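**Q**
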Amino acid sequence: MIARVEPGVETWVNYYKAPADGSPPELNDLGLLLGNKNMETRLMRINDARGREQDFTLDDHGFQFARLESNVTDFTDKEYVKKHYYPEVESLVKRITGCKEVKSFAFNHRTAPTNDFGKPFAGYQGTQGPAKRLHVDSSPLGAAHMVDHMWPSEATDIHNRGYLFINVWRPLATIRRDPLIVADMSLWPETDLIKIERKYYDGMIGQNYVPKYDGSGAVKRSLPTGGTEDAISQADQGVATGHSNGGQHSWWYLDEMKPDEVVLFSCSGKRPGMKTTGDGGTVHGSVDLPDQHDMPVRQSVEVHLVAIW
1 MIARVEPGVE TWVNYYKAPA DGSPPELNDL GLLLGNKNME TRLMRINDAR
51 GREQDFTLDD HGFQFARLES NVTDFTDKEY VKKHYYPEVE SLVKRITGCK
101 EVKSFAFNHR TAPTNDFGKP FAGYQGTQGP AKRLHVDSSP LGAAHMVDHM
151 WPSEATDIHN RGYLFINVWR PLATIRRDPL IVADMSLWPE TDLIKIERKY
201 YDGMIGQNYV PKYDGSGAVK RSLPTGGTED AISQADQGVA TGHSNGGQHS
251 WWYLDEMKPD EVVLFSCSGK RPGMKTTGDG GTVHGSVDLP DQHDMPVRQS
301 VEVHLVAIW
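Following my numbering, the numbering of the sequence shown begins with 1 at its first residue and continues without gaps.
In structure tokens:
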């Protein structure tokens, strides 16, 4: 059962389940990123970082909380967002990371209900609703390909200087459902990141990660379940975060996150001195809260950028 615990929640988290034959994901297998293909859910403890925001940094954990007082309220006009919101975010990133340059290149404005993995097309919720499949936006190799493809004339210089792809996520109203969760990558077992090769419509070669759970003791269920927690009849057996490889899946969120609060998380790069797993990106996604279905649809904005040193 989904339940409030102190401090945090216990809720279902959607992991990747490797096929029995051990075969790797296929090229461009979006069913693993957006749908319910090879998915299993586990009951996990999500820790509330409220009051501990300063304990986490991009360099050490792969994510960091910060404050951003924005003057932008309309995210429906893409050019307006680029002109007015991007500079606010870029200034914040420079201040936090000490980088010399920031290039923002995309944003997601999410205002749709979450995907319930029900109807066939609903298995691909796109970018409008909360992403309920855990994922990493890019591997280090994928990040290098992005630099080469997006800024070919500057690529050599960017590689030499060092860079980090970062997402800056902010709610547009107080979060009371589908919160974003992030993993502490200083504890994450690298063997639990499974690569997905990508080839985009514009020819760019990419590589994502989907995470698996190889520990023991966590409650497990299989989807689909009919879309309701009432269908779950398992007893509350507690939540294990320990891992057979000596690592740990340590999950964090910020309870009732407000519009002047943001979370920055890594999406891979090649910055010297980083301590997180493999200098790769941060595993993230969204989860259900207890009794959230009576709450208004979550609204958020997420800027994708690269910080360059």
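Don't be surprised by glycine CBs; every beta carbon is placed ideally from N, CA and C. Owing to the predicted nature of the structure, the values given are computational and were not obtained by experimental measurement.
1) Can the beta-carbon of Trp252 be found closer than 7 Å to that of Met44?
2) Would you kindly check if the distance between the Cβ of Arg298 and the Cβ of Arg177 is under 7 Å?
3) Using three-state DSSP, classify Met150 as helix, strand or coil.
4) Which residues in the same chain as Gln128 place their Cβ atom closer than 7 Å to its Cβ, once the five residues preceding and following it in sequence are excluded?
5) Leaving out the 5 sequence neighbours to the left and right, which residues in its chain are closer than 6 Å to Val283 when beta-carbon positions are compared?
6) Looking only at its own chain, which residues have a Cβ that is under 7 Å from the Cβ of Thr97, when we skip the five neighbours before and after it?
7) Mind checking whether Ala131 and Gly285 have CB atoms under 7 Å apart?
8) List the residues that DSSP assigns as beta-bridge partners of Pro171.
9) Could you spell out the range, first to last residue, of the alpha helix (DSSP H) harbouring Lys100?
10) If you draw a straight line from the C-alpha of Tyr85 to the C-alpha of Pro19, how long is it?
11) Closer than 7 Å by C-beta to Ile175: which residues in its own chain qualify, once you throw out the five before and the five after it? Chain order, please.
12) Just the C-alpha distance for Phe75 and Glu302, rounded to the nearest angstrom, thanks.
13) Return the chain-ordered list of same chain residues with a C-beta closer than 8 Å to the C-beta of Glu90, the five sequence neighbours on each side being excluded.
14) Can you check whether the CB of Ser70 is closer than 7 Å to the CB of Glu53?
15) Take the Cβ of Arg42 as the centre, count every other Cβ of all protein chains shown within 10 Å, and call the residue buried at 16 or more, exposed below.
16) So, under 8 Å CB-CB, His145 and Lys270 are touching, yes? Tell me the CB distance rounded to an integer number of Å.
17) Leaving out five residues before and five after Lys199 in sequence, what residues of the same chain have Cβ atoms less than 7 Å from its Cβ?
18) Could you give the C-beta distance for Ala143 and Leu264, rounded to a whole number, given that I count them as a contact under 8 Å?
19) Thinking just about the alpha-carbon of each residue, which of Ile46, Arg95, His149, Val262 is nearest to the one in Trp169?
20) Are the beta-carbon atoms of Pro189 and Arg4 separated by less than 7 Å?
**A** The short version:
1) no
2) yes
3) helix
4) Arg110, Thr111, Ala112
5) Leu134, Val136, Ala183, Pro211
6) Leu58, Ala307
7) In this structure, Gly285 lies closer than 7 Å to Ala131 by Cβ.
8) Ser300
9) No alpha helix (DSSP H) contains Lys100, which DSSP labels as neither H nor E.
10) 42 Å
11) Glu256, Met257, Arg298
12) Roughly 11 Å separates the two Cα atoms.
13) Apart from sequence neighbours up to five positions away, the residues of its chain that approach Glu90 with a beta-carbon distance below 8 Å are Val102, Ser104, Leu305, ordered along the chain.
14) no
15) buried
16) Contact flag wrong, Cβ pair sits at about 12 Å.
17) Taken in chain order, the residues that qualify are Leu27, Asn28, Ile205.
18) In fact, because the Cβ distance is near 16 Å, the residues do not count as touching under 8 Å.
19) Val262
20) no
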